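S.K.: Submitted below is the structure of interest, expressed as structure tokens.
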Amino acid sequence: MSRKLGLEEALDIAMEAELKAQAFYAQAAIEIQDPQGRDLLGRLAAFELYHYQKLSDLARSLQEDGQFIAYETQTVEQFAPTIGGGEAAGTQIEELKDNAGILSKAIENEKIAGQRYRALAAETDDPDGQDMFRKLANEEMIHQRILEDEFYSISNQGTWGWSRMYGE
């Protein structure tokens, strides 16, 4: 039976997951040979680090004055690619074998992150907190959708389709 986490503990878990996601994408970007794939995964690495930084800002604000912070929605295109470094979310990139394996793991990670933020939004009474967690959940859902489109493109056409013009 699962227990309900306190907000502080839930934020710690979310921040750790964002750091692992950042490291996963940065490491995966090294492994991917296609420039479009490297660009996308590098941008997702930078985006996940941004999520970590915002969650860290939120945790600090909640500790200092009990206030949620404002969160502005971002797009993948806004971030410069980050490539390399870190431990890849407990996954050895070599275990994933190929582009499809990397994308499958990334899709799974984004799905879990979105679920985590939707749960936090539902459990938070503060309107600013609900807004922030909903925006984070939506960004993770967009990441998932982009990755699913890339998985389709790789599987059916053998190429990455990332063009930086996703229209988030």
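Here the working numbering is used: position 75 in the sequence shown is 75, and no number is missing along the way.
C-beta: ideal position from N, C-alpha, C; glycine also.
Only a predicted model underlies this, so the values are computations on that prediction, with no experimental measurement involved.
Is the beta carbon of residue 19 less than 7 Å from the beta carbon of residue 71?
M.R.: No. Outside cutoff.
S.K.: Write down the C-beta distance between residue 46 and residue 79 rounded to the nearest angstrom, noting that I regard them as a contact closer than 8 Å.
M.R.: Rounded, the Cβ-Cβ distance is 4 Å, consistent with contact.
S.K.: Spatial neighbours of residue 2 within its chain, please: CB distance less than 8 Å, with the 5 preceding and 5 following residues excluded, ordered by chain position.
M.R.: With a pLDDT of only 42 at residue 2, under the threshold of 50, the placement of this residue in the model should not be trusted; the figure read from the coordinates follows. There are no such residues.
S.K.: Residue 43: which of 161, 25, 55, 120 sits nearest, CA to CA?
M.R.: Among 161, 25, 55, 120, the Cα nearest to that of residue 43 belongs to 25.
S.K.: Do residue 136 and residue 10 have their CB atoms nearer than 7 Å?
M.R.: Result no, Cβ atoms of residue 136 and residue 10 do not sit closer than 7 Å.
S.K.: Which residue marks the beginning of the alpha helix (DSSP H) containing residue 127, and which one marks its end?
M.R.: Segment 127-157, the alpha helix (DSSP H) holding residue 127.
S.K.: Would you kindly work out how many angstroms separate the C-alpha atoms of residue 127 and residue 149, rounded to a whole number?
M.R.: If you take the alpha carbons of residue 127 and residue 149, they lie about 33 Å apart.
S.K.: Only counting the same chain, and skipping five residues up and downstream in sequence, which positions put a Cβ closer than 6 Å to that of residue 63?
M.R.: Excluding sequence neighbours, residue 63 sits near nothing in its chain.
S.K.: Considering only their Cβ atoms, is the gap separating residue 133 from residue 152 smaller than 7 Å?
M.R.: No, Cβ-Cβ distance for residue 152 and residue 133 is not below 7 Å.
S.K.: Should residue 122 go down as buried or exposed, given a rule of 16 or more other Cβ atoms within 10 Å for buried?
M.R.: Label assigned to residue 122: exposed.
S.K.: Thinking just about the alpha-carbon of each residue, which of 156, 14, 22 is nearest to the one in residue 99?
M.R.: Checked all of 156, 14, 22; the closest Cα to residue 99 is 156.
S.K.: If we call anything under 7 Å between Cβ atoms a contact, is residue 160 one with residue 37?
M.R.: For residue 160 and residue 37, yes; Cβs fall inside 7 Å.
S.K.: Report yes if the C-beta distance between residue 114 and residue 140 is below 7 Å; otherwise report no.
M.R.: Yes, Cβ-Cβ distance for residue 114 and residue 140 is below 7 Å.
S.K.: For residue 74 and residue 110, which I take to be in contact (beta-carbon distance under 8 Å), what is that distance rounded to the nearest angstrom?
M.R.: Not really, about 15 Å apart at Cβ, beyond 8 Å.
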